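*Asks:* Chains as they are written, first to last, in this note's numbering: chain R, -2 to 290; chain D, -2 to 290.
Structure in structure tokens, see below.
See below:
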């Protein structure tokens, strides 16, 4: 007889929350999306976004919203690095039959490798490495733009802006990348300085695709920056390997542009992810149910 | 007959203002110091600091404060990059017989090379290159910590903090420099992240002497950072040479620690400064008087 229990996987990020409803047999029934669900916004805000996303996923599955009370939830949440936050989330009066919560990196890693050991290196606006080895989570990096996030989109863009300003002053050679970046910054230090005074990591990260594009076209400055990002990603990959990870999936918005610049000695680690974060969240819910049976 | 006219040289910086009184023959009579004189604080604040410093210099010279109205002032001011500020300063109702104003970098360069062409590379918390060639000022860099100030104390400290956090996580080898820096940052990313969220360039710059010390002791991470700072300083030196400067004086708090790491091909440019900023400010006043005779 088919197992009729329902699962929902939830990926609660800082800008949006996604939910996927599936059966125990793995059949996906529907998906939904809600607002931000970072726990630092307050748990009522975060769960407001989470429940909205689940309701949309239930409706798109043709299921009654009342079914929430029968559904088993697996949840990956941004901002969950502090134990205090984790305990508060676990104690929250949720509407589900059961709820299991881990970090967003945890469910991404679970999605990428399923039930086998493995690691992910997230290369987006920021960067972070996470390995799941025998059910234990290990992380490297991910401490923010100011003093961490090596090989991230924001850091690639930051290096490009700094170097392009040097190029504008004739300190290093002018080229395609510096021309494109300085044009966007008003072609003058007087305009670039106030831009930088308020620039967020996201604003720097928006330049990362230009750096990658110009590197592929042979621009020496762009090549130097991408090669450095590749070396930095290599350091994080070797650190994950040293912790015991034998395979690492690269995920995030700039993963694909950094991959061609990785050092040769880490390439044997790289694998394609088997599934996405929501697959990982669904697996988290399923494993919790199996563990409780 | 001896020329009895009096000169005062003034170096108005962002944290303090210094004044030196001398005769036309170059005899130094006394010095004084006042509060900040950055024009961005408002001209009344800046001139309050300037006049206080001059009054102390006059008193230490055994001269009546009333002599201000006979004295010819040469002034180097921080924050004078905008023409608007420059015009406002020139129009200010000062108490001197005459006043000539340039940037703080200008008087530093004049102090370093006197009446001959030359350049300076300021390597302090920030960095900036200035050349005076045929009386015309040329600058490179100096656009602030966020996107400029290569080879500065702040940037050296920034690189050291970022790398030390990687070392703490085992991503790169642990060593003397990372040990010293992470001890000051609480030996944990959780403590280093809030530190970085409010760290000023000055706070990063405070780590520069540690980087230099550990590099001299053979710490590989410190050597890598100092070598990179030396390469960056080399780029700025070559840019000053390309503008026509045949000799460059290194000045500022970290100049001496960067000098051993400069690339060999720029060493022929390096000279010792003939005098300091106040010597330059006095020369500025003297040249103005001579030009008016």
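Glycine is no exception: its CB is placed at the ideal position from the N, C-alpha and C atoms.
These numbers were taken from a predicted model, which means no experiment stands behind them.
1. Only counting the same chain, and skipping five residues up and downstream in sequence, which positions put a Cβ closer than 6 Å to that of residue 76 of chain R?
2. Beta strand (DSSP E) containing residue 265 of chain D: first to last residue?
3. Considering Cα atoms alone, identify which of D/56, D/234, D/212, D/16 is closest to residue 291 of chain D.
4. DSSP state of residue 244 of chain R, grouped into three classes?
5. Could you check whether the region 147 to 167 of chain R touches the region 214 to 225 of chain R, counting it as contact only if at least three pairs of C-beta atoms, one from each stretch, sit closer than 8 Å?
6. Is the shortest distance between the beta-carbon of residue 60 of chain R and the beta-carbons of chain D less than 8 Å?
7. Report the neighbours of residue 260 of chain D on chain R: residues whose CB is nearer than 7 Å to its CB, in chain order.
8. Could you list the residues in the region 126 to 148 of chain D with a C-beta less than 8 Å from some C-beta on chain R, going in chain order?
9. Report yes if the CB atom of residue 281 of chain D is closer than 8 Å to the CB atom of residue 97 of chain D, and no otherwise.
10. Consult DSSP for residue 179 of chain D and reduce its assignment to one of helix, strand or coil.
11. Quick one: what's residue 97 of chain R bridged to in DSSP?
12. Taking all protein chains shown into account, decide if residue -2 of chain R is buried (16 or more other Cβ within 10 angstroms of its Cβ) or exposed.
13. Can you find a CB in chain R that lies within less than 8 Å of the CB of residue 189 of chain D?
14. Since residue 15 of chain D sits in a beta bridge, which residues does DSSP pair it with?
15. Run through chain R and tell me which residues come within less than 8 Å of residue 236 of chain D, C-beta to C-beta.
16. Have a look at D/131, D/138, D/166 and flag the residue whose alpha-carbon is nearest the alpha-carbon of residue 144 of chain R.
17. Quick one: grab the DSSP three-state call for residue 122 of chain D.
18. Within the 8 Å Cβ cut-off, does residue 194 of chain R reach chain D?
19. Output the distance between the C-alpha atoms of residue 109 of chain D and residue 33 of chain R, rounded to the nearest integer angstrom.
20. Would residue 196 of chain R and residue 254 of chain R be called neighbours here (beta carbons separated by less than 8 Å)?
21. Contact between the region 112 to 119 of chain D and the region 239 to 258 of chain D is defined here as three or more beta-carbon pairs at a separation below 8 Å; is this criterion met?
22. Per DSSP, which residues does residue 134 of chain R bridge with? Please list them.
23. Identify whether residue 169 of chain R lies in helix, strand or coil by the three-state DSSP scheme.
24. Could you check if residue 80 of chain D belongs to the surroundings of the ligand NAD, using beta carbon to heavy atom distance under 7 Å?
25. Could you spell out the range, first to last residue, of the alpha helix (DSSP H) harbouring residue 195 of chain D?
26. Any idea what DSSP makes of residue 108 of chain D, helix, strand or coil?
27. With a threshold of 8 Å on Cβ separation, who are the neighbours of residue 59 of chain R within its own chain once the five nearest residues in sequence on each side are excluded?
28. Taking 8 Å as the threshold (beta carbon to beta carbon), is residue 37 of chain D in contact with chain R?
29. Quick one: which chain R residues come within Cβ less than 8 Å of residue 186 of chain D?
30. Indicate the three-state DSSP secondary structure (helix, strand or coil) for residue 117 of chain D in the structure shown.
31. Measuring CB atoms only, is the region 187 to 195 of chain R touching the region 165 to 181 of chain D, in the sense that at least three cross pairs come out at less than 8 Å?
32. Listing by chain order, which chain R residues have their CB less than 8 Å from the CB of residue 239 of chain D?
33. Run through DSSP, which three-state label would residue -2 of chain D get?
34. Measure from the alpha carbon of residue 268 of chain D to the alpha carbon of each residue in D/209, D/23, D/275, D/245, then state which is nearest.
35. How about the region 256 to 263 of chain R and the region 124 to 135 of chain R: do they share at least three Cβ pairs that are nearer than 8 Å?
*Replies:* Taking the geometry as given:
1. Shown here for residue 76 of chain R: same chain residues with a beta carbon closer than 6 Å to its own, the five before and five after excluded, namely 35, 36, 37 in chain order.
2. No beta strand (DSSP E) contains residue 265 of chain D, which DSSP labels as neither H nor E.
3. Because chain D is modelled from -2 through 290, residue 291 of chain D falls outside the range shown and cannot be assessed.
4. Under the three-state reduction of DSSP, residue 244 of chain R is assigned to coil, being neither helix nor strand.
5. The region 147 to 167 of chain R and the region 214 to 225 of chain R touch, with no fewer than 3 CB-CB distances between them shorter than 8 Å.
6. Interface with chain D (8 Å Cβ-Cβ cutoff): residue 60 of chain R is excluded.
7. In chain order: nothing, as chain R lies at least about 14 Å away.
8. From the region 126 to 148 of chain D, only 137, 138, 140, 141, 143, 144, 145, 147 have a Cβ closer than 8 Å to chain R.
9. Yes, these two residues count as a Cβ contact at 8 Å.
10. Here residue 179 of chain D sits in helix by DSSP.
11. The bridge partners DSSP lists for residue 97 of chain R are R/71.
12. The predicted model places residue -2 of chain R with a pLDDT of 42, which falls under 50 and marks its position as unreliable; any figure quoted below should be read in that light. Exposed.
13. With its beta carbon less than 8 Å from one in chain R, residue 189 of chain D belongs to the interface.
14. The secondary-structure analysis by DSSP pairs residue 15 of chain D across a beta bridge with D/8, D/30.
15. Those within 8 Å of residue 236 of chain D in chain R are 166, 167, 168.
16. Sorting D/131, D/138, D/166 by C-alpha distance to the C-alpha of residue 144 of chain R places D/166 at the top.
17. Coil.
18. True, the Cβ-Cβ gap to chain D drops below 8 Å.
19. Approximately 57 Å, taken between the alpha carbons.
20. No, they are not a contact pair.
21. Counting Cβ pairs under 8 Å, three or more are found: they touch.
22. For residue 134 of chain R, which the question treats as bridged, DSSP gives the partners R/129.
23. Coil, per DSSP.
24. Among the ligands in the structure shown, none appear at all, so the ligand NAD cannot be discussed.
25. Segment 186 to 195, the alpha helix (DSSP H) holding residue 195 of chain D.
26. Residue 108 of chain D carries a helical assignment under DSSP once its states are collapsed to helix, strand and coil.
27. Close CB contacts of residue 59 of chain R within its chain, under the 8 Å cut and outside five residues either way in sequence, are with 26, 27 (chain order).
28. So, not an interface residue.
29. Scanning chain R for C-beta atoms nearer than 8 Å to the C-beta of residue 186 of chain D yields 140, 145, reported in chain order.
30. Reduced to three states, the DSSP call for residue 117 of chain D is strand.
31. Here the region 187 to 195 of chain R does not lie against the region 165 to 181 of chain D, with fewer than 3 beta-carbon pairs under 8 Å apart.
32. Those are 167, listed as they occur along chain R.
33. Model confidence at residue -2 of chain D stands at a pLDDT of 42, short of 50, so the residue's coordinates are unreliable and nothing is read from them.
34. The option with the nearest alpha carbon to residue 268 of chain D is D/245.
35. Because the criterion of three Cβ pairs below 8 Å is not met, the region 256 to 263 of chain R and the region 124 to 135 of chain R do not touch.
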